[in-house]
Amino acid sequence: MAFAIASALTSTLTLSTSRVQNPTQRRPHVASTSSTGGRLMRERLVVVRAGKEVSSVCEPLPPDRPLWFPGSSPPEWLDGSLPGDFGFDPLGLGSDPDTLKWFAQAELIHSRWAMLAVTGIIIPECLERLGFIENFSWYDAGSREYFADSTTLFVAQMVLMGWAEGRRWADLIKPGSVDIEPKYPHKVNPKPDVGYPGGLWFDFMMWGRGSPEPVMVLRTKEIKNGRLAMLAFLGFCFQATYTSQDPIENLMAHLADPGHCNVFSAFTSH
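In the UniProt record's numbering, the protein residues as written are 1 to 270.
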């Protein structure tokens with residue numbers, strides 16, 4: 001249950017894009033030009049009246065932005081305004097704006113889950129090698145004995161996850177709706193950036209408060225690391241299936257004998 005609570009909270013943990021500003025000031029936008037990775041990025045700061053907070057979003061990037069395949073033409077619905085957008089959509093799955101909005105949120109939450117999962121696999125294995133814990137194996141952790149039976153833990157996790165995902169879904173359908181206090185329905189504090197709740201609990205280091213350029217850079221890093229984590233977790237699953245070993249154990253074996261301990265030898269041995 002503790003893992004479920006931590007997972008539900010961590011699934012929404014990310015960077016906020018709000019910062020404190022004088023609420024009497026109203027600026028339609030502030031354009032800035034900076035160099036990131038040798039390419040120009042034009043960004044806009046959109047001010048949204050929400051108490052003393054403002055939110056920043058990125059406007060479409062110029063045609064010479066980095067793409068997944070250099071020289072290719074990105075589809076018109078991928079204009080670079082989403083974090084981690086490199087113009088990759090060969091099947092046209094994001095051509096519908098509502099579907100694209102959902103896919104962006106789905107990728108974001110799956111990336112966070114994957115990063116949490118990979119961390120939860122690697123750290124205990126390192127602790128086992130250092131002698132702090134014994135007999136750890138992530139792929140058979142579900143068969144171990146805990147303070148409650150597996151059915152009870154499963155139901156408790158589904159309830160907690162259902163609540164967290166329900167709130168996230170409501171915020172996706174109607175942004176800012178989850179911030180409305182039932183006893184004070186007129187005290188509304190909308191946040192236009194769905195998936196980035198911010199505040200004291202989810203941006204306690206205030207990394208997401210400031211100009212839009214560093215916020216966009218951090219969001220892009222989150223998506224890129226999340227995509228890598230999703231691929232890593234998929235690799236962990238294949239490793240556990242074909243070798244019945246943990247990832248670090250596979251890594252040590254590969255470093256000791258790269259010619260015989262690799263993905264090809266794993267497939268040919270079965």
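Just so it is clear, CB atoms sit at the ideal spot from N, CA and C, and this is done for glycine as well.
Item: Minimum C-alpha distance to D193 - residue among D96, D89, L108; Value: L108
Item: Cutoff 7 Å; reference N225; Cβ partners in own chain excluding five residues on either side; Value: M115
Item: Local Cβ density within 10 Å of G142, reported as buried at 16 or more and exposed below that; Value: exposed
Item: Closest residue to P212 among L100, L82, V155 (Cα-Cα distance); Value: L82
Item: Residues of its chain near I5, where Cβ-Cβ distance is below 7 Å and the 5 sequence neighbours each way are ignored; Value: The pLDDT assigned to I5 is 40, lower than 50, so where the model puts this residue is not dependable; a value taken from the coordinates is nonetheless given after this. Closer than 7 Å at Cβ, skipping near neighbours: L160.
Item: Boundaries (first-last residue) of the alpha helix (DSSP H) holding H260; Value: Where H260 is concerned, there is no enclosing alpha helix (DSSP H), given that its DSSP letter is neither H nor E.
Item: Cutoff 6 Å; reference W102; Cβ partners in own chain excluding five residues on either side; Value: none
Item: Whole-angstrom C-beta distance between F236 and I121, which should lie under 8 Å; Value: 6 Å
Item: C-beta neighbour in chain D for A240, strict 8 Å; Value: Looking at the structure shown, chain D is missing, and only one protein chain is on hand.
Item: Coarse secondary structure for S177, derived from DSSP in three states; Value: helix
Item: Alpha carbon of M205 to alpha carbon of F132, nearest angstrom; Value: 30 Å
Item: Own chain residues within Cβ distance below 8 Å of Y146, not counting five before or after; Value: L153
Item: Cβ-Cβ distance between L67 and G87 below 8 Å; Value: yes
Item: Outcome for I223 when other beta-carbon atoms lying within 10 angstroms are tallied against a minimum of 16; Value: buried
Item: Element boundaries [alpha helix (DSSP H), containing D98]; Value: 97-129
Item: Coil, strand or helix - D85 by DSSP; Value: coil
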